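Residue numbers (my numbering), protein chains in the order written: chain A, 1 to 255; chain B, 256 to 527.
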Amino acid sequence: MSARINLTLKVWRQAGPDTEGAFVVYEATDISTDASFLEMLDIVNERLIDAGEEPIVFESDCREGICGTCGLMINGRAHGPQKGTATCQLHIRSFNDGDHITIEPWRASSFPVLRDLAVDRRALDAIISAGGYITVNTGSAPDANLIPVPKETAETAFDAAACIGCGACVAACPNSAAQLFTAAKLQHLNLLPQGQAERWERTEAMVETMEAFFGSCTNHGECEEACPKEIPIDFIAWANRDYIKAKVKNRKLAG
Amino acid sequence: MAQTITRVSTPPPVRAAAKFRLPWPLSIYHTAVGKKWVMGLTGVALLGFVLVHMTGNLHLYEGPQEVHEYAETLRNLGTDVIPRTWVLWGLRIGLIAAFGLHIHSAYSLSRMSMVADQRYVGGRNYIAANFASRTMRWTGPIVGLYLFYHLADLTWGWFNPDFVRGDPYHNVAESLSSIPVAIFYIVANIALSIHIFHGAWSMFQSLGVNSPRYNHLRRYVAGGLASVILIGNLSFPIFVQVGVIDDEGRSFVEQMEHSEPHASSAENPVQP
Chain A
1 MSARINLTLK VWRQAGPDTE GAFVVYEATD ISTDASFLEM LDIVNERLID AGEEPIVFES
61 DCREGICGTC GLMINGRAHG PQKGTATCQL HIRSFNDGDH ITIEPWRASS FPVLRDLAVD
121 RRALDAIISA GGYITVNTGS APDANLIPVP KETAETAFDA AACIGCGACV AACPNSAAQL
181 FTAAKLQHLN LLPQGQAERW ERTEAMVETM EAFFGSCTNH GECEEACPKE IPIDFIAWAN
241 RDYIKAKVKN RKLAG
Chain B
256 MAQTITRVST PPPVRAAAKF RLPWPLSIYH TAVGKKWVMG LTGVALLGFV LVHMTGNLHL
316 YEGPQEVHEY AETLRNLGTD VIPRTWVLWG LRIGLIAAFG LHIHSAYSLS RMSMVADQRY
376 VGGRNYIAAN FASRTMRWTG PIVGLYLFYH LADLTWGWFN PDFVRGDPYH NVAESLSSIP
436 VAIFYIVANI ALSIHIFHGA WSMFQSLGVN SPRYNHLRRY VAGGLASVIL IGNLSFPIFV
496 QVGVIDDEGR SFVEQMEHSE PHASSAENPV QP
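Below is the structure:
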């Protein structure tokens with residue numbers, strides 16, 4: 001059953017990376033409860049364009065919760081009030097008529113605001129470039145099940161691989177630490193046989209790249225709550241263990 | 256989007272890389288994850304100390320003589336092998352080192368996080384973070400200040416006019432009979448237990464002690480340790496105030512010293 005409700009939005013507007021930003025209040029009237037959060041912003045933007053104003057800049061791509069492009073701080077919570085849901089999968093039915101919604105971009109020193117609600121997340125790309133891959137010879141696709149993987153291992157690795165790299169963990173963290181993102185990307189490869197060859201090199205390189213851009217984890221657990229893929233902080237503990245092992249093993253290799 | 260967004264250069268790192276390659280153990284300590292390991296390991300050592308210290312202090316309920324004997328036992332540790340108080344001093348040096356590393360890594364990790372973090376202008380909601388985890392940077396310094404006062408008061412005797420060196424029972428009873436001091440001890444020990452409640456849980460994560468079979472126990476371990484330490488440590492100022500621990504201003508050690516010359520002169524007359 002769809003209804004139509006009115007919302008009051010308080011949106012962060014910022015013209016560019018080097019300009020001062022501020023909140024601007026918009027009335028989002030007559031919004032269908034079936035609309036997704038981003039569709040609601042689309043409607044607001046169309047009305048802004050009609051009125052001759054600059055539309056609100058925000059990022060989105062697949063709108064089905066698998067690409068990690070969208071991401072907004074909604075009422076002080078990364079990706080809004082619904083657990084395990086990316087902003088694009090959040091629907092207006094989660095809000096009530098007359099609600100005031102504060103929308104802010106991700107905030108971290110390494111996530112500079114580009115414009116309005118869009119931030120530069122290339123620091124996460126830097127972590128992936130440091131080792132978030134495996135090196136294989138290209139050629140024809142290998143036979144399926146050529147490398148046996150225990151079911152539990154495959155499932156745990158898949159839980160980590162569910163990370164879409166949206167940056168909600170950094171946004172939600174009071175320390176702006178990217179520990180959950182890095183740990184998920186590390187363990188997704190470190191748990192599997194294909195990831196073993198570069199395991200220790202990868203662990204050291206990715207953690208140290210992360211530390212150049214982000215804060216230090218104090219185990220609040222906010223990231224786990226914010227994660228649209230509900231990746232548990234257990235991966236952080238395993239990554240911490242791998243990191244110290246890597247520091248010991250790589251020393252022998254370097255010697 | 257391409258027209259509306261001006262691309263800036265890659266965000267500059269918030270933390271400069273090491274200027275030169277550090278030698279091995281230092282190269283671990285230089286990193287944040289390495290510092291968290293040091294925080295965890297020194298945390299285990301300090302937690303062990305707090306637990307043993309609290310348990311040892313329970314001798315206060317036995318009486319002045321027993322406390323004195325306990326203190327002597329600590330000084331006599333390992334006297335069969337090495338000179339008296341050497342083991343005690345070894346433990347003290349280890350504790351001082353653990354404290355130094357714990358404080359230094361906490362300080363530098365906090366600095367790192369403060370540089371990396373930016374405030375939400377519209378405010379933010381906390382879901383998982385609890386009071387203990389969010390106040391670690393406050394409870395830590397409170398415990399540090401308390402530790403300094405505690406040492407100055409009961410080890411060096413700076414603040415207590417009735418201080419008698421070597422009589423812990425007398426000194427504790429005299430110090431904690433003052434209401435402001437008792438309140439300070441109570442506040443500081445609550446801060447210590449809050450610190451331990453998050454620290455003891457956080458330690459498992461930082462040290463990578465994580466196994467699905469036992470993970471649900473980690474919060475209970477932290478809560479149990481914090482409660483035991485809280486109850487034990489709060490009992491001392493409370494029971495001194497109530498009057499259970501009280502030597503009515505008479506130092507057991509002083510009485511012993513006064514009585515000894517008579518006893519010894521009677522049994523062994525001084526040879527001319």
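Cβ atoms here follow ideal geometry from the backbone N, Cα and C, with glycine treated the same way.
Just so it is clear, the structure is predicted and the values come from calculations on it, not from any experiment.
* Give the straight-line distance between the Cα atoms of arginine 420 of chain B and phenylalanine 491 of chain B, rounded to the nearest whole angstrom. => Their Cα atoms are separated by approximately 20 Å.
* **Environment of asparagine 426 of chain B [buried if 16+ CB atoms lie within 10 Å]** => buried
* Beta-carbon contacts of glycine 298 of chain B that lie in its chain and below 6 Å, excluding the five residues immediately before and after -> Gly454, Met458
* To do: For asparagine 100 of chain A, I'd like the list of residues in its chain whose CB is within less than 6 Å of its CB, leaving aside the five on either flank, ordered along the chain.
  => Per the sequence shown, residue 100 of chain A should be read as histidine rather than asparagine. Contacts found: Thr8.
* Considering only the beta carbon of each residue, do glutamine 460 of chain B and asparagine 145 of chain A sit closer than 8 Å? -> In this structure, glutamine 460 of chain B keeps its C-beta atom at 8 Å or more from the C-beta atom of asparagine 145 of chain A.
* To do: Run the CB neighbour count on histidine 271 of chain B, radius 10 Å, all protein chains shown included, and call it buried at 16 or more, exposed below.
  => The question names histidine, yet the displayed sequence has alanine at residue 271 of chain B. When all chains shown are included, alanine 271 of chain B counts as exposed.
* Asked: Shortest alpha-carbon distance to proline 81 of chain A belongs to which of A:Glu211, A:Ile103, A:Val170?
  -> A:Ile103
* Measure the alpha-carbon distance for isoleucine 434 of chain B versus cysteine 166 of chain A and round it to whole angstroms. => 54 Å
* Between the segment 173-191 of chain A and the segment 342-354 of chain B, are three or more C-beta pairs nearer than 8 Å? -> no
* Would DSSP call leucine 406 of chain B helix, strand or coil? -> helix
* **Coil, strand or helix - alanine 22 of chain A by DSSP** => Here alanine 22 of chain A sits in strand by DSSP.
* To do: Take leucine 38 of chain A as the anchor and find which of A:Arg107, A:Val149, A:Thr69 has the nearest alpha-carbon.
  => A:Thr69
* **Exposure of alanine 171 of chain A, with buried meaning 16 or more beta-carbon neighbours within 10 Å** => buried
* 7 Å Cβ cut-off: residues of chain B touching arginine 241 of chain A -> Gly463
* Enclosing beta strand (DSSP E) for asparagine 6 of chain A [first to last residue] -> 4-13
* Where the segment 222-238 of chain A meets chain B: residues whose CB sits under 7 Å from a CB there -> Glu222, Glu224, Glu225, Ile233, Asp234, Ile236, Ala237, Trp238
* Meets three-Cβ-pair contact criterion under 8 Å: the segment 154-165 of chain A and the segment 226-236 of chain A -> Output reads yes: the segment 226-236 of chain A touches the segment 154-165 of chain A.
* Is DSSP giving alanine 271 of chain B helix, strand or coil here? -> It is coil, neither helix nor strand.
* Asked: Can you name the residues that DSSP bridges to threonine 102 of chain A?
  -> A:Lys10
* With respect to 7 Å, is the separation between the Cβ of valine 305 of chain B and the closest non-hydrogen atom of the ligand GTP below this value? -> This structure lacks the ligand GTP; in fact it carries no ligand of any kind.
* To which residues does DSSP link isoleucine 74 of chain A through a beta bridge? -> A:Arg77, A:Ile103
* Nearest-angstrom Cα separation, counted from alanine 353 of chain B out to alanine 300 of chain B -> 7 Å
* With burial defined as no fewer than 16 other Cβ atoms inside 10 Å of the residue's Cβ, what is the status of tyrosine 243 of chain A: buried or exposed? -> buried
* Asked: What is the residue span of the beta strand (DSSP E) that valine 113 of chain A lies within?
  -> 113-115
* Asked: DSSP three-state call for aspartate 501 of chain B: helix, strand or coil?
  -> coil
* Asked: Does the separation of the CB atoms of histidine 91 of chain A and aspartate 30 of chain A fall below 8 Å?
  -> no
* To do: Could you check what DSSP says for histidine 359 of chain B in three-state terms: helix, strand or coil?
  => helix
* Asked: Excluding the five sequence neighbours on either side, which residues of its own chain have a C-beta within less than 6 Å of the C-beta of valine 25 of chain A, listed in chain order?
  -> Lys10
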